[in-house]
Each structure stands twice: as C-alpha cells, then as structure tokens.
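A quick write-up on the structure given underneath.
In our numbering, the protein residues as written are 44 to 282.
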C-alpha cells in the first residue's frame, strides 16, 4: 500500500496573470477551495500519510500549509524560475528516500477514483489517462497493445492518441531512482524538461510505464481563468 505522495508545485502560474502575484497557482480556489487543498484532502482520505510538496515560487504559502497539515513536508527548489517539473521532482529525491509514491501536479481538481484506481492497479509504474476531455492544452498519450507508454505530445497529429494525460501517476522507488540517475546526466542541458517527457524516455528506453485509462473520470487541469471557469461549471459540482 502506497503511503506517500509528491506534489510538484514550484511553477509561477504566469497564465493566471495578477491572480498569482500573491499566491501560487495551487492556491487558486476552485469552487471555494484551493486546488492543492482539495488534492491533499483527497490523498489523506485514500490512506496517504506523507505528502511531499516540491516548492519554488511563493514557497511561504506551502510552508504555512505544512503547519496546518502535519503530513506535509516541503522541498524548496532554488532554481524554480529557470527549471520545470522534472527538475522539481528530481530536487525532491533526498526527501522521498526509498518510498514508492503517487506523483501529481498542484493545479488539478479530480474525483477520489483517480487515486484509488492507481492504488488498485497491479502495475508498479503507471500513468493515468482518460479519453480526451480538456478543451485546451491537452497532452495526448499513446500506448501499445500491452498498455505500455510509447509516445506523448501536445500535437494530436503526431501519434495515435489513446487518451489524455491527467497529471497523476504511481511510481515505484526503483523506477524513480533510475529516472533521477538518467536525468542527472542531462539536467544542465534540459533544465526545462517536463517530467512527462522523462517518463516517456524511461518507457521507451529504460523501463516500461503502464498506461491506465479511466473512463468517465471527473477531473480537470486548471492553467488559466478559462480553465477555472470551465472546471467550476462542469467538474467541481460533481466532485
């Protein structure tokens, strides 16, 4: 049973404009509750006992949240402005230690089934997808007949899409350590690499990642005000 979760939350959320001048993107409220607090409460309700948050921009907000939730540990990245989500995840490696974990982004709203489906899946390293639902900024995912991740892209024409990246995953510690070792060899060349592309590289060249498609899952990634408006009307009322 997985007891640890890692939330990557170092980004500056610039697409929200003035809404993120005094708070990180994860603290924007969807349906009257900050997105990251929704995620934390859902994780705790599913049996997660330890939540590591990879912080950067306005780290103080997350550090204050850690004072309210004893399960939270924060890991600050000084390079948050010049890096991306893979570096944030890599920067958490000493705090993660030897634990298997769930990995998720800070700007999601989702139903509890997103977590329980990953926990119940027999595969150790899993990317959660759904049939395409998001009206903008989709990450399309391709898998083979065995369910292994073979490609992902923001351009649907580049692959045979089986669904859309949710932004929640399950990773074994052995896989994560291989992932970090590989990224360490190219971190200076690819500081802006998104973790999803490192997962793809791992699946293609080092160790397979299983793709789990959950039909009918209610979720949304909220990147800007249009996403927020859509999620509050079409997703949040059903969570």
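For every residue, glycine included, the Cβ atom is placed at its ideal position computed from N, Cα and C. All values derive from a computational prediction rather than experimental measurement.
Where residue i sits in the DSSP three-state scheme
{"i": "residue 193", "result": "strand"}
{"i": "residue 169", "result": "strand"}
{"i": "residue 282", "result": "coil"}
{"i": "residue 176", "result": "coil"}
{"i": "residue 97", "result": "strand"}
{"i": "residue 45", "result": "coil"}
{"i": "residue 186", "result": "strand"}
{"i": "residue 224", "result": "helix"}
{"i": "residue 64", "result": "coil"}
{"i": "residue 252", "result": "coil"}
{"i": "residue 286", "result": "Any property of residue 286 remains undetermined from this structure, which presents the chain solely from 44 to 282."}
Beta-carbon separation (whole angstroms), residue i vs residue j, contact threshold 8 Å
{"i": "residue 151", "j": "residue 210", "result": "5 Å"}
{"i": "residue 267", "j": "residue 58", "result": "4 Å"}
{"i": "residue 48", "j": "residue 161", "result": "So it is not a contact: roughly 10 Å between Cβ atoms."}
{"i": "residue 56", "j": "residue 275", "result": "Actually they do not touch by this definition, with Cβ atoms about 17 Å apart."}
Range covered by the beta strand (DSSP E) that runs through residue i
{"i": "residue 213", "result": "206-214"}
{"i": "residue 83", "result": "First-last for residue 83: 78-88, but that is the alpha helix (DSSP H), not the beta strand (DSSP E)."}
{"i": "residue 147", "result": "144-148"}
{"i": "residue 116", "result": "115-119"}
{"i": "residue 123", "result": "From DSSP, residue 123 is part of no beta strand (DSSP E); its letter is neither H nor E."}
{"i": "residue 153", "result": "151-153"}
{"i": "residue 264", "result": "262-264"}
Where the alpha helix (DSSP H) containing residue i begins and where it ends
{"i": "residue 108", "result": "102-111"}
{"i": "residue 132", "result": "128-134"}
{"i": "residue 271", "result": "268-277"}
{"i": "residue 158", "result": "156-163"}
Nearest-angstrom Cα separation, counted from residue j out to residue i
{"i": "residue 218", "j": "residue 256", "result": "21 Å"}
{"i": "residue 138", "j": "residue 118", "result": "7 Å"}
{"i": "residue 208", "j": "residue 134", "result": "23 Å"}
{"i": "residue 91", "j": "residue 148", "result": "16 Å"}
{"i": "residue 116", "j": "residue 142", "result": "14 Å"}
{"i": "residue 45", "j": "residue 245", "result": "21 Å"}
{"i": "residue 176", "j": "residue 227", "result": "34 Å"}
{"i": "residue 50", "j": "residue 251", "result": "22 Å"}
{"i": "residue 194", "j": "residue 52", "result": "25 Å"}
{"i": "residue 77", "j": "residue 71", "result": "5 Å"}
{"i": "residue 214", "j": "residue 270", "result": "28 Å"}
{"i": "residue 125", "j": "residue 67", "result": "16 Å"}
{"i": "residue 174", "j": "residue 206", "result": "4 Å"}
Proximity winner among the options, relative to residue i (alpha-carbon distances)
{"i": "residue 88", "options": "196, 154 and 214", "result": "154"}
{"i": "residue 222", "options": "121, 202, 248 and 201", "result": "248"}
{"i": "residue 196", "options": "93, 189, 166 and 237", "result": "237"}
{"i": "residue 127", "options": "114, 100 and 95", "result": "100"}
{"i": "residue 240", "options": "83, 174, 187 and 130", "result": "130"}
{"i": "residue 201", "options": "189, 132 and 185", "result": "185"}
{"i": "residue 190", "options": "254, 243, 109 and 61", "result": "254"}
{"i": "residue 113", "options": "54, 232, 83 and 132", "result": "83"}
{"i": "residue 86", "options": "122, 203, 192 and 158", "result": "158"}
{"i": "residue 182", "options": "264, 275 and 79", "result": "264"}
{"i": "residue 168", "options": "216, 204, 103 and 205", "result": "216"}
8 Å Cβ cutoff, residue i in contact with chain C
{"i": "residue 55", "result": "Chain labels in this structure do not include chain C; a single protein chain is all it has."}
Residue i: CB within 7 Å of a non-hydrogen atom of the ligand COA
{"i": "residue 247", "result": "This structure lacks the ligand COA; in fact it carries no ligand of any kind."}
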